[in-house]
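Trainee:
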Amino acid sequence: MSFPPWLHLIIFLSSLFIILKWKAAANKRKCNFPPSPPKIPIIGNLHQLGKLPHKSLWRLSQLYGPIMSLSLGRIEIIIISSVETARALLKNHDLQSCNRPQTHAIKKFSYNFLDIAFSPCSDYWREIRKICMLEFFSMKRVLSYEPIREQEVGLFIESISQSASCGAVVDLSEKSIALTTGVIFRIAFGKQFEGDGFHELISEVEALLGSYSASEFFPVPFVGEVFDWFSGRETRLERVFNEMNGLFQEVIDEHLCPQRPKPEQDDIIDVLLAISKNQVEPCSVVITHENIKAILFDIFLAGLDTSSITIVWAMAELAKNSKLMKKAQEEIRNYVGNKRKVTEKDVEELPYLKMIVKETLRLHPPAPLLPRETISHFKIEDYNFYPKTMVQVNVWAIGRDPTYWKDPEEFLPERFAESSIDYKGQHFELLPFGAGRRICPGLNMGVKTVEFALANLLYHYDWKLPNGMKEEDLDMEENSGLSLTIYKKLPLKLVPILYHP
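Going left to right, the sequence shown walks through residues -26 to -1, 1 to 475 as mature numbering (1 follows the signal peptide of the UniProt record, and there is no 0) numbers them.
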């Protein structure tokens, strides 16, 4: 039986590519590249990621150390899994490692949306980040959004009260994502969230950005690209991009309409359009409609799920431990008294609530793996980090390191009572928002929303598990699959009982 010439050519090129890759990998090992688990030809360590990569990587780090390398097909990646190595990367070598990895999906979005996220050494990136920090995420601006948060949390509590009045079970996972969607829509677009499917669209974007394509893994790129087309991944990428692009353009056009009513407070699009209109040439950065879409995309991608995930995990942990929930409720109710309303100013006087949020972010960081890409060569613990190497910091593993955390698997908010450890990028034991140049600029916004929502949930209701379920029976399993964020796998369903002061 004879084979067509093109098949012989593909086999030859594949073999040549694999041989060259093995040779390059061997050269790296000779140059003191971090240790690696044994690899399988072609796929490398891909089979060792498992359903929950952050847990699989943590287990591998117990065997191969806090700095280890993996080959995911033809992708080389270094995993950081300890406080010391995270500090070395994110503080000592921050400038040398502050790029973001550009996967195939990211490149698909990058010409419009994600271009602001990937050139930290450029004037463009620095200027856009400065605009975001000053105009959207400064503490003054975050506090100015207080009326929006109060109104949306009010609607959130009202919807739960309707269920509480008839003893119905409430899906807090669904309610929480509706809350954070409402807050971000009003801050970004200046209008109430309407319609269905937006969260599903964002989830689809996260799944695409948090996974790799066959063309990235397969040794012969052309063959991988063909597989991506046949699997429908390319079509899916194109569809999701067009939907996001169309939504953002529609809202920008609405803001440009002369008949649009003047809002009480400028939203993010208003601010960006004003900056764009008032720019004077020559200018180092020109704000176009595509740049506005890029900023909106980053805000929705970073803020929509992370806050709701934290609310759900916090309530799940408290539902599993009624003593902790009662302690938190007593603090809130004793301080608020008979006012029948919790304000954001009240939250600032609730230290135990803040400990609960910290402990939730330690045990359940919404984004368990922090991605970086190196710009130039450097060393950590005598291991070489070469330019354009993908690096991931396992935030989930660091938050459970018994070297730094006593009883790390236990939910113990009291551990922060006498501790100065915070989540703002200065303490590398707790990195839910990252650190250095890439720290999440919206951390103050996100934490404000989480603390305010939790304070209201714990003040207005007593919470019971449904159908006679016991605390130890509450499922705390994480969702599976490659994604940017980690949800509670099963929705959190609890029964609210109205509290009457």
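Even for Gly, the Cβ is constructed at its ideal location relative to N, Cα and C. This structure is a prediction, so every number in the text was calculated from the model and none was measured.
In this structure, how does DSSP classify Leu458 when only helix, strand and coil are distinguished?
Mentor: Locating residue 458 in the sequence shown gives position 484, where the first residue counts as 1. Looking at Leu458 - three-state DSSP - the assignment turns out to be coil, as it is neither helix nor strand.
Trainee: If you drop the 5 nearest sequence neighbours on each side, which residues of the same chain put their C-beta closer than 8 Å to that of Ala248?
Mentor: Within the sequence shown, numbered from 1, the residue matching residue 248 stands at position 274. Within the same chain, Ala248 has close Cβ partners Asp240.
Trainee: So the alpha helix (DSSP H) Asp436 belongs to, where does it begin and stop?
Mentor: The count along the sequence shown starts at 1 and reaches residue 436 at position 462. Careful: Asp436 lies outside any alpha helix (DSSP H), inside the beta strand (DSSP E) at 435 to 438.
Trainee: What are the boundary residues of the alpha helix (DSSP H) that Leu337 is part of?
Mentor: Reading the sequence shown from its first residue, position 363 is the one you call residue 337. Taken as a continuous stretch (DSSP letters only), the alpha helix (DSSP H) holding Leu337 covers 325 to 337.
Trainee: Give me whichever residues DSSP pairs with Phe359 in a beta bridge.
Mentor: Here residue 359 refers to the residue found at position 385 when the sequence shown is read from its first residue. DSSP, once it has assigned bridges, lists Phe352 as partnering Phe359.
Trainee: Just to confirm before moving on: does the CB-CB distance between Arg346 and Val365 stay below 8 Å?
Mentor: The residue you call residue 346 lines up with position 372 of the sequence shown. The residue you call residue 365 lines up with position 391 of the sequence shown. Cβ distance < 8 Å, so Arg346 and Val365 count as in contact.
Trainee: With DSSP collapsed to three states, give me the class of Arg412.
Mentor: Taking the first residue of the sequence shown as 1, we reach residue 412 at position 438. If DSSP states are grouped into helix, strand and coil, Arg412 belongs with the helices.
Trainee: Counting along the chain, where does the beta strand (DSSP E) carrying Glu50 start and finish?
Mentor: Working through the sequence shown from its first residue, we reach residue 50 at position 76. Glu50 -> beta strand (DSSP E) spans 49 to 54.
Trainee: Quick one, are the C-beta atoms of Leu292 and Ile306 less than 8 Å apart?
Mentor: Taking the sequence shown and counting its residues from 1, one reaches residue 292 at position 318. Taking the sequence shown and counting its residues from 1, one reaches residue 306 at position 332. The answer is no: Cβ separation not under 8 Å.
Trainee: Asn368 lies in the beta strand (DSSP E); which residues open and close that run?
Mentor: Locating residue 368 in the sequence shown gives position 394, where the first residue counts as 1. Residues 364 to 368.
Trainee: On a CA-only basis, which of Tyr119, Lys114, Asn368 is nearest Asp61? Give me that one, please.
Mentor: Sequence index remark: in the sequence shown, residue 61 carries index 87 (1-based). Before going on, a small fix: residue 61 reads as Arg here, not Asp. The candidate whose alpha carbon is nearest that of Arg61 is Asn368.
Trainee: Looking only at its chain, what residues have a beta carbon closer than 8 Å to the beta carbon of Trp32, apart from the 5 residues adjacent to it on each side?
Mentor: As a first step, residue 32 must be located in the sequence shown, where it is residue number 58. Here the set comprises Ser55, Asn368, Trp370, Ala371, Arg374.
Trainee: Would Leu464 pass as a contact of Val286 if the rule is Cβ separation under 8 Å?
Mentor: In the sequence shown, residue 464 corresponds to position 490, counting from 1. In the sequence shown, residue 286 corresponds to position 312, counting from 1. Not a contact, by the Cβ cut-off of 8 Å.
Trainee: Whole angstroms are fine: how far does the CA of His351 sit from the CA of Asp89?
Mentor: For the purposes of this step, residue 89 is taken as residue 115 along the sequence shown, with counting starting at 1. For the purposes of this step, residue 351 is taken as residue 377 along the sequence shown, with counting starting at 1. Note that Asp89 scores 47 on pLDDT, short of 50, meaning its location in the model is unreliable; the coordinates nonetheless yield the value given after this. Spanning the two alpha carbons is a distance of roughly 24 Å.
Trainee: Can you say whether Gly442 is buried or exposed, counting buried as having 16 or more other CB atoms within 10 angstroms of its CB?
Mentor: Residue 442 sits at position 468 when you count from the first residue of the sequence shown. Burial call: exposed.
Trainee: Any idea what DSSP makes of Gly128, helix, strand or coil?
Mentor: Here residue 128 refers to the residue found at position 154 of the sequence shown. Three-state DSSP puts Gly128 in a helix.
Trainee: Should Ile151 and Ser282 be called a contact, given that it needs their Cβ atoms to be closer than 8 Å?
Mentor: Here the question's residue 151 lines up with position 177 in the sequence shown. Here the question's residue 282 lines up with position 308 in the sequence shown. Yes, they are a contact pair.
Trainee: What is the rounded straight-line gap between the Cα of Ile460 and the Cα of Gln233?
Mentor: Locating residue 460 in the sequence shown gives position 486, where the first residue counts as 1. Locating residue 233 in the sequence shown gives position 259, where the first residue counts as 1. So the two alpha carbons sit approximately 42 Å from each other.
Trainee: Report all residues from its chain with a CB closer than 7 Å to the CB of Ile53; omit the five preceding and five following residues, and keep chain order.
Mentor: Taking the sequence shown and counting its residues from 1, the one referred to as residue 53 is at position 79. Closer than 7 Å at the Cβ level, and outside the excluded window around Ile53, lie Leu31, Ser35, Met42, Leu44, Gln366, Asn368.
Trainee: Which residue wins for smallest C-alpha separation from Lys165, given the options His173, Phe172, Leu324, Gly156?
Mentor: Sequence index remark: in the sequence shown, residue 165 carries index 191 (1-based). Selected option, being the one with the closest Cα: Gly156.
Trainee: DSSP beta-bridge partners for Asp145?
Mentor: Here the question's residue 145 lines up with position 171 in the sequence shown. Beta-bridge pairing links Asp145 to Lys467.
Trainee: Helix, strand or coil for Glu304? Go by DSSP, reduced to three states.
Mentor: By one-based count along the sequence shown, residue 304 stands at place 330. Note: Glu304 maps to helix in three-state DSSP.
Trainee: Of the residues Gly410, Ile354, Thr317, Glu451, which one's Cα is nearest the Cα of Ile122?
Mentor: One-based indexing of the sequence shown puts residue 122 at position 148. That would be Thr317, whose Cα lies nearest to the Cα of Ile122.
Trainee: Counting pairs of beta carbons, one from the region 380 to 392 and one from the region 353 to 362, are three or more of them closer than 8 Å?
Mentor: No, because fewer than three Cβ pairs between the region 380 to 392 and the region 353 to 362 fall closer than 8 Å, the two stretches do not touch.
Trainee: When DSSP labels each residue in this structure, what does Asn430 get in the three-state scheme?
Mentor: Position 456 of the sequence shown, counted from the first residue, corresponds to residue 430. Correct three-state label for Asn430: helix.
Trainee: Over the uninterrupted beta strand (DSSP E) stretch that includes Ile41, give me the two end residues.
Mentor: Counted from its first residue, the sequence shown places residue 41 at position 67. Ile41 -> beta strand (DSSP E) spans 41 to 46.
Trainee: In whole angstroms, what separates the C-alpha of Met450 from that of Ala290?
Mentor: Position 476 of the sequence shown, counted from the start, is the residue given in the question as residue 450. Position 316 of the sequence shown, counted from the start, is the residue given in the question as residue 290. Approximately 8 Å between the Cα atoms of the pair.
Trainee: Can you tell which of Asn265, Ile131, Asp436, Val424 has the C-alpha that lies nearest to the C-alpha of Thr334?
Mentor: Your numbering for residue 334 matches position 360 in the sequence shown. The shortest Cα separation from Thr334 among Asn265, Ile131, Asp436, Val424 belongs to Val424.
Trainee: Buried or exposed: Gln400, going by 16 or more other Cβ atoms within 10 Å of its Cβ?
Mentor: Translated into positions along the sequence shown, residue 400 becomes position 426. Burial call: exposed.
Trainee: Counting only beta-carbon separations shorter than 8 Å, does Ile306 have a partner in chain C?
Mentor: You won't find chain C in this structure, because it holds only one protein chain.
Trainee: To the nearest angstrom, how far is it from the Cα of Ser183 to the Cα of Ser10?
Mentor: Position 209 of the sequence shown, counted from the first residue, corresponds to residue 183. Position 36 of the sequence shown, counted from the first residue, corresponds to residue 10. Note that residue 183 is Leu in the sequence shown, not Ser. C-alpha separation (whole angstroms): 25 Å.
Trainee: Is Gly220 helix, strand or coil by DSSP?
Mentor: The residue labelled residue 220 in the question sits at position 246 within the sequence shown. DSSP places Gly220 in helix when its eight states are reduced to three.
Trainee: Ile14 bridges to which residues according to DSSP?
Mentor: Here residue 14 is taken as the residue at index 40 of the sequence shown, counted from 1. According to DSSP, Ile14 bridges with Gly18.
Trainee: Where does Gly18 land, buried or exposed, given buried means 16+ other C-beta within 10 angstroms?
Mentor: As a working mapping, residue 18 is identified with position 44 in the sequence shown. Its Cβ being crowded by 16 or more others within 10 Å, Gly18 is buried.
Trainee: With burial defined as no fewer than 16 other Cβ atoms inside 10 Å of the residue's Cβ, what is the status of Ala91: buried or exposed?
Mentor: For the purposes of this step, residue 91 is taken as the residue at position 117 of the sequence shown. Reliability fails at Ala91, whose pLDDT of 45 lies under 50, so the model's placement of it is uncertain and the value that follows must be treated cautiously. Classification of Ala91: buried, given that the 10 Å Cβ count is 16 or more.
Trainee: Report yes if the C-beta distance between residue 480 and Ile413 is below 8 Å; otherwise report no.
Mentor: Since the first residue of the chain shown is -26 and the last is 475, residue 480 is not available in this structure.
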